[in-house]
Structure formats: C-alpha cells, structure tokens
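Following: one structure in structure tokens, then a few remarks.
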Amino acid sequence: MLVAPLVTLSFLSPWLATSRPPLRTPPPLLSETDRPAVDAAPAADRSADVSGYRVPPERVTWAPFTYASPQERRSHALRRRQHISTTLPPMPPLVLMVIGGPSSGKGTIVPMLAQALRARAVSVGNLLRGEIRAARPRGLAAAAAMARGELVPDALTLELLHERVLSFADAAHVGWIFDGFPRVASQAAAVLAPEYARLRPDGVILLERPAELIKEFALGRCTDSLTGQTYHPTYAPPPDELRGRLVWRVDDTQEVVERRLAEHEAAVRAVRAEFDAAGVPLRAFDNARSELHTFDEVVAFVEELGMLKLAAQRDAILARWLREDADVSWGVGSSAFEGYGSFGGPQLQDGLLNRAEALVAAAANLEAKVSDEREADVEAFCEMDEEEGACLVRYEEEAAESCGLLLAVRRCNEYDPAKYRPVVVDEAVVGWVSEEMVEHLAPQVALGTSCELALLKGRPALRLAPDATSAASRTRAVAELVAELVADGVVPAGKVRHELQDVHAISDGFVAPGGPPPLLQMERAAMIHFGIPSYGVHVNGYIRNPDNPADPRPWAVWVGKRAASKNTYPGLLDQMVAGGQPTGLSFMENVRKECEEEASLPPAVVDAVRATGVISYRYSARRGLSSKVLATFDVEMPAKLPPICADGEVEEFKLMTVEQMLTSIREELPLWKPNSALVAVDFALRHGYLSPDSPSFVEVAHLLRAAGFRGFE
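In mature numbering (1 follows the signal peptide of the UniProt record, and there is no 0), the protein residues as written are -19 to -1, 1 to 694.
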C-alpha cells in the first residue's frame, strides 16, 4: 500500500467561485475511500476523454452502461433507506465486508450502503494512511514495512481495526461496513477467531467484473484531487469545470493491473473458502453494469441478512420465555421441561407468548443505541428520515422572523431564567435546575439527606448533599439521589453510562488535570438534569487565498460532513475537528487527540493549532437547562494537505470560502450542526468578515458568549 503525495490547491479559485447549489440539491460530498494511492499527471496514452486501455470489441461481454451522478447515487441510497425504515422491522446492526478486485466498484457501492443503512464505512487503507500521517507508532511500523516492500502485518491491521473502529459506541447501533477487507485468507481466518469476535461478519459482499472491464476501468480512471470523486472517459465522464484538477495514478499500468488481478483471483478463492467453511454468508454480485442496479441487489441481500439475524434472536428469546413459563407450572429443571414443557405454562396457555412479541424484544435487544451526551445539543431542524418539504417549511417560518446568522445563534440561547433555580454545593453554584425537576425531587427534599431547598442571595436554590463535608461523601449522597431518579424514570436508564464526571463551581470554568479538586462527581447522564455545564473543543482549519498571498485573512475553511452513522446530528456540517471534552485531559491534549483521530493531521500541523477563545450558550431542553462552553481553536492548513477522515466518523471534507460558509448558514441553516454554526459565525466575526455595520451584529456578538460563568445576571 502506498501513501498519496498530495496535490496543489492553486486551481481552487474557479471551483470556489461557482454558484452554491440550493438547499434542495446540496453539493455532492464524497467518501474518503475513493482517494487515490498515488497522484500524477496522466500518462501519454490517457486523458479525461481517452482511456489508457480500450477493450477489443470481440472481448466485450457486458451491455453498455454509464455511472449515475453523485447526486443521483445519494438520492437512490436515501430512497432505499426510507424503504428499509418503512417496510421492514427495525434492522439490527450488521458487520458487513465488501471485497473485490481492483476497480471492481467498492469505492462506489460502500458509500451508498453506508447512506442507506446509516452504517459506519471504514477503509483499512485510509486507517493506515491516517496513522502514518499522524506519525503514530502503528503508522510508523506500517510505513517501515511498506518501505521494505512488505505487506502490513495482519496483527497490526487487526489491532488497528479493533481499537480505532470498535471503540466508537455511536456506531454500535448501526454496524460497520469494511471496505476492501479482508484481502487475504489469513485476515479472514483472524476475524473468525474468538479474540476478534466483534469483527466477525454477518455477511460478505463480493463485487465482480470481467478482467477486461477492470483493465479498462483501472487504466482510464482519474480522480478529482479535491473531492476524491472518481471519473472515467467512458463510464463516468468528468464535468468540464473540474478537468483542471484531475489526477491519474502512476501505478496504473497494464502490467501492474494484470498482476494485481492474478493476485486477487488467487486470494479471493482462499478468502471464500474460509468464510464458506465457517458458514458466513457470502454472495457475489456482477458489477459490469450500472452501479444503481448492483446496489439494489446488494441491499436486498443485506436485508435478508438483517432479517435472519433478527429471526435468530427472536427464536432464542421465545425459547427462553417458553422455558421460563413452563417452569411456573412444571417446575424448574430440564427433566421437567422435557416431560411437560410442550404443554406450556400459564402465559402460553392464555395466548400471551407469541412470535410477534419476541420479535419486538429481539429488535430492542439488538439495537445497542448509545449516544455521547457530550455531543447532545439543540435539536436539528431536519431529522435524517424526515421529508425535506416539511423541514423547509418549518425552517422558512423561523428564518422569516430574523436574519439567518441571528437565527443560528438565537436558537442556541432560548430559555426563561425564571423557570430555573441555582444548584448549590457547599455555597458554590454548579448548575441550574428546573421547577419541574424540583417537584420530582420532593421526596428527597423532604428527607433532606441528598438535597434540600435553600436560599442563595435571597433567591430559591437547591443544595446538593447538604450534610456532606467531603467530595467523596457528596459523591455517595448524589449517587443515591441519581439512582432514585433512574428508578423513577426521570433519568432514562438507557442513558446511564456509569461514568462519573467532575463537578466544579461554575466560576471555575473547565478545570484541567492538576487543578482544584472537584466538589463531587456525578453520573454523566444526570448532569443535564441539574444544568451542570459540559465542554467541548472545535478546531477551524483554514487556508489563505492562493491567488492573493499578501492577504493575511483566512480565505477558505475545511468543513466536515458528519457520517450518516453518527447517533447525533448525522449528515450535518461541522468544523474540521470537533469533540466533547472528557475528564482527565486538558483542552490542548484533547485537541491533539481529536486532530489526529478525526482529520489525521501530522504533528507539525497539530503543533500550529492556536487557542482563540470560547463560545458559551445555554438553552432549555426536555431534560433540563443545557449549558455548553466550547473552546475554539484555529490552524492554518498547508495548501497541499487536506484533512483525511480515516475512521468513518466524517463522510467527507470539503473546502468552502468564508463567504460561502456564511451564505450557507444564512440560507441553509438546517444543513449545519447547531453549535458548529455558532463556531463558524464566531470565526467569520473574529477574522473581519462581519462588522458592526452587519445586520444584528451586536446581538449576534453577544449571543456567542451569552452563558458566561456567573448566573443569569
């Protein structure tokens, strides 16, 4: 595997100057899995109009076809997602592996599958390239092996998948799609071993094309160096406006392609043998046709896999229920069940146990939905499966009342201070609690052990752990309180993560390791109910104008589109790097970690990241008053170094001028993650793209830091 030398961006000006598509047809955003391994000028025998290899007519065994546009592919995938969600029982999370030879169409089918299933798509090649570029130990070991002309060791690849992919809890409820893995039989055998049980596939998709068609594809394909989109003179002709930024692979020669084909044919036979012996469903699909037709057949196969997995879980649950029911009448034990179990127990005899109930339980059991409370924020305008028309009507009604930028910041600052009272620990304000929550706490307030009503400067307040004198004793008292709230259904049991977060005085802000000790620790899922602030980091990656290097201002910013698999704000626009702030890390330590994991930034670029301030906002949510503080950072990106998403967290990175970004927020706010729109507005304001003469400037500037660190004063 070779690492891509990256191309210059001096040609970006014409592309960025083109008119921005309207909300109803958002610009195409493409997966990182299509990025070429090695970029270069085209060979003498190929161009955007001429392939480096034309199949002799007598060897053509397939009907003529062309690829759909990226927009058509995305719409097609979204229609299939709607079909799945409206006509089938809830699909369980699946582990899918998509394999195939060179130029077999994996890079086209996998992103479509990810959109249709809302699954995490992962390319092992991108993971390795990200590790190498970020100079992590695994990446350095992989680079050394490749420099010696060796394959990357299976152990390193599997360790990388196990740690970098399976660690993401938000993808557990939708599953994973592995692009181009396994490549060899040893990798297939490894994922079938007990130590890698979570990598064991529910199904394998093999994409096939005739060797002659593969040669024509491989020797004719070219790549848009900015978006990663692949084109071909015959099967996917490139638009005229982007021809100036097309690149070709220098390792695409007829000899190399033929050698890779021979190696693949031998390897895929061994891989199939491993999966066949283990009983893993594997189906081959003819991809010598429109990718839309292939995709429809692949999705039908995936639907079969999902229903088989669901049925197996249903039958296991029903069998357990029947045994437990029979135990009531015939006694516990296998001998009693074998003798009399077929008669059933009281529930079966009353017709209460059935396959439909077991199916509902199976779906709930398989859906391991876990969200990151640090990312929970203002509700998005549009849900993933919502009809676009309904969303647009709602947005247009709200947008008509104020300018787009003001709406972006107002919707993150909507609450009534009169409906909340301070939460106090040892005379320090740590949060705010709603009057409704105070009513829920009436039994605990009456006892006065875990909480009590108090006055703070003449204002009603709620004091936690009033009799406790140490952080440990306060933590124990509040843990009992939270356990009672979970038992009462006030704090949803499904949100409980059994993860304690430090609670400090609001006036202390975020306290890094080594700072003052916390007043207490609280279950993370309960913090929003008490209005305790959460923290995050956002990094703006920008470039200067290549046509005007004397201009010191940022000219364009890298924007990420969140993967469809994300449990929070799937498919919405975000900063280049963003994440919640965990306990135990400083802001800068967290920034370094997120920059490496989300954008695969090398150490030299991470070292150039600079803190620029904070954004604070507060809004009323169903579970309480949500207070957020975001530390913001800027970094100037090298022109030849676009961010790379290695782990599937981001569907695509694209470059937008600052003016385009502001126009998008004004006119297409539903496309943005709510707090990311705030960070984008703050970036534009700090760099002079907004001025006191701009509409609603004073209110916009104020609301970017409206929460502060005091109370509601």
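Even glycine gets a Cβ: it sits at the ideal position worked out from N, Cα and C.
Legend entry - Paired residues, beta bridge with H213 - DSSP: Here residue 213 corresponds to residue number 232 of the sequence shown, with the count starting at 1. According to DSSP, which records beta bridges pairwise, H213 is partnered with A217.
Inset, instruction - Starting from the Cα of K400, find the closest Cα among V414, V662 and V410 and give me that residue. - result: As a first step, residue 400 is located in the sequence shown; it is residue number 419 there, counting from the start. The residue with the shortest Cα to Cα distance from K400 is V414.
Inset, instruction - Please list, in chain order, all residues of the same chain as residue 750 whose beta carbon is under 6 Å from its beta carbon, the five residues on each side excluded. - result: Past the boundaries of the shown model lies residue 750; the chain is included only from -19 to 694, so the question cannot be answered.
Legend entry - Start and end residues, beta strand (DSSP E) containing S104: For the purposes of this step, residue 104 is identified with residue 123 of the sequence shown, where counting begins at 1. For S104, the enclosing beta strand (DSSP E) starts and ends at R101 to S104.
Legend entry - Rounded distance between the beta-carbons of R114 and S607, thought under 8 Å: The residue labelled residue 607 in the question sits at position 626 within the sequence shown. The residue labelled residue 114 in the question sits at position 133 within the sequence shown. So it is not a contact: roughly 36 Å between Cβ atoms.
Legend entry - E630 versus E579: straight-line alpha-carbon distance, rounded: Looking up residue 630 in the sequence shown gives position 649. Looking up residue 579 in the sequence shown gives position 598. Approximately 7 Å between the Cα atoms of the pair.
Inset, instruction - Flag Y670 as yes when its Cβ comes closer than 7 Å to any non-hydrogen atom of the ligand SAH, and as no otherwise. - result: This structure simply doesn't include the ligand SAH, nor any ligand for that matter.
Legend entry - Element boundaries [beta strand (DSSP E), containing T638]: Here residue 638 refers to the residue found at position 657 when the sequence shown is read from its first residue. Where T638 is concerned, the enclosing beta strand (DSSP E) stretches over V631 to T638.
Legend entry - Cβ-based neighbour list, R505, same chain, cut-off 6 Å, excluding 5 preceding and 5 following: Mapped onto the sequence shown, residue 505 falls at position 524. E354, R478, E480 and Q482.
Legend entry - Neighbourhood of residue 747 by C-beta distance below 8 Å, restricted to the same chain and skipping five residues each side: Any property of residue 747 remains undetermined from this structure, which presents the chain solely from -19 to 694.
Legend entry - As assigned by DSSP and simplified to three states, the class of V504: Locating residue 504 in the sequence shown gives position 523, counting from the first residue. For the record, residue 504 in the displayed sequence is Glu; it is not Val. E504 falls in the strand class under three-state DSSP.
Legend entry - Contact under 8 Å by Cβ, R455 with L462: To locate residue 455, count along the sequence shown from 1; it is residue 474. To locate residue 462, count along the sequence shown from 1; it is residue 481. Contact: no.
Legend entry - DSSP-derived helix/strand/coil call for P651: For the purposes of this step, residue 651 is identified with residue 670 of the sequence shown, where counting begins at 1. Residue state, collapsed to three classes: helix.
Legend entry - Inter-residue Cα distance where the pair is H421 and G429: Position 440 of the sequence shown, counted from the first residue, corresponds to residue 421. Position 448 of the sequence shown, counted from the first residue, corresponds to residue 429. If I take the Cα positions, the gap works out to 14 Å.
Inset, instruction - Kindly indicate which residue of E648, V586 and P473 has the alpha-carbon position closest to the one of R603. - result: Taking the sequence shown and counting its residues from 1, the one referred to as residue 603 is at position 622. Out of E648, V586 and P473, P473 has the C-alpha closest to the C-alpha of R603.
Legend entry - Reference S546; option with closest CA among E632, F678 and A258: Walking along the sequence shown from the start, residue 546 turns up at place 565. The shortest C-alpha separation from S546 is found at E632.
Inset, instruction - Tell me whether the beta-carbon of C203 lies closer than 8 Å to the beta-carbon of L242. - result: The sequence position of residue 203 within the sequence shown is 222, counting from 1. The sequence position of residue 242 within the sequence shown is 261, counting from 1. Going by C-beta atoms, C203 is not nearer than 8 Å to L242.
Legend entry - Supposed contact pair I158 and V91 - C-beta distance, whole angstroms, cut 8 Å: Position 110 of the sequence shown holds residue 91. Position 177 of the sequence shown holds residue 158. V91 to I158, Cβ: 6 Å. Contact.
Inset, instruction - Starting from H668, trace the alpha helix (DSSP H) both ways and give me its first and last residue. - result: The count along the sequence shown starts at 1 and reaches residue 668 at position 687. That residue, H668, is in no alpha helix (DSSP H); it is neither H nor E in DSSP.
Inset, instruction - Report the three-state DSSP secondary structure of V414 (helix, strand or coil). - result: Residue 414 sits at position 433 when you count from the first residue of the sequence shown. Of the three classes helix, strand and coil, the one that applies to V414 here is strand, per DSSP.
Inset, instruction - Determine the contact status of I625 and G111, defining contact as a CB-CB distance below 8 Å. - result: For the purposes of this step, residue 625 is taken as residue 644 along the sequence shown, with counting starting at 1. For the purposes of this step, residue 111 is taken as residue 130 along the sequence shown, with counting starting at 1. Yes, they are a contact pair.
Legend entry - Bridge partner(s) assigned by DSSP for I80: Sequence index remark: in the sequence shown, residue 80 carries index 99 (1-based). The partner list for I80 (beta bridge, DSSP) reads L187.
Inset, instruction - Classify I513 as helix, strand or coil using the three-state DSSP reduction. - result: Counted from its first residue, the sequence shown places residue 513 at position 532. Coil at I513, not helix or strand.
Inset, instruction - Taking only runs that begin and end inside the stretch 219 to 272, name each unbroken alpha helix (DSSP H) of 4 or more residues, in chain order. - result: 235 to 259
Inset, instruction - For T42, name the three-state secondary structure that DSSP assigns. - result: For this step, residue 42 is matched to residue 61 along the sequence shown. In this structure, T42 counts as coil in the three-state DSSP scheme.
Legend entry - Start and end residues, beta strand (DSSP E) containing A442: One-based indexing of the sequence shown puts residue 442 at position 461. It spans R440 to L445 - the beta strand (DSSP E) in which A442 sits, taken as one unbroken run.
Inset, instruction - Find out if the Cβ-Cβ distance for the pair L500, L652 is shorter than 8 Å. - result: Here residue 500 refers to the residue found at position 519 when the sequence shown is read from its first residue. Here residue 652 refers to the residue found at position 671 when the sequence shown is read from its first residue. Not a contact, by the Cβ cut-off of 8 Å.
Legend entry - Boundaries (first-last residue) of the alpha helix (DSSP H) holding V426: Position 445 of the sequence shown holds residue 426. Annotation: the continuous alpha helix (DSSP H) that includes V426 extends over A423 to L428.
Inset, instruction - Would you list the one or two residues that DSSP bridges to F614? - result: For the purposes of this step, residue 614 is identified with residue 633 of the sequence shown, where counting begins at 1. Paired residues: V520 and A592.
Legend entry - Helix, strand or coil at L289 [DSSP, three-state]: The residue labelled residue 289 in the question sits at position 308 within the sequence shown. Of the three classes helix, strand and coil, the one that applies to L289 here is helix, per DSSP.
Inset, instruction - Taking 8 Å as the threshold, find out whether the stretch 121 to 132 comes into contact with the stretch 172 to 190 through three or more Cβ pairs. - result: no
Inset, instruction - Could you round the C-beta distance between R62 and Q96 to whole angstroms and report it? I think they count as a contact, below 8 Å. - result: Counting from 1 along the sequence shown, the entry for residue 62 is found at position 81. Counting from 1 along the sequence shown, the entry for residue 96 is found at position 115. 7 Å between Cβ atoms; contact.
Inset, instruction - With L387 as the anchor, note down where its alpha helix (DSSP H) starts and where it stops. - result: In the sequence shown, counting from the first residue as 1, residue 387 sits at position 406. According to the DSSP assignment, L387 belongs to the alpha helix (DSSP H) that extends over G385 to R391.
Inset, instruction - Tell me, to the nearest whole angstrom, how far the beta carbon of P583 is from that of A344; I am working on the premise that it is less than 8 Å. - result: Here residue 583 corresponds to residue number 602 of the sequence shown, with the count starting at 1. Here residue 344 corresponds to residue number 363 of the sequence shown, with the count starting at 1. Incorrect: roughly 44 Å between the Cβ atoms, too far for contact.
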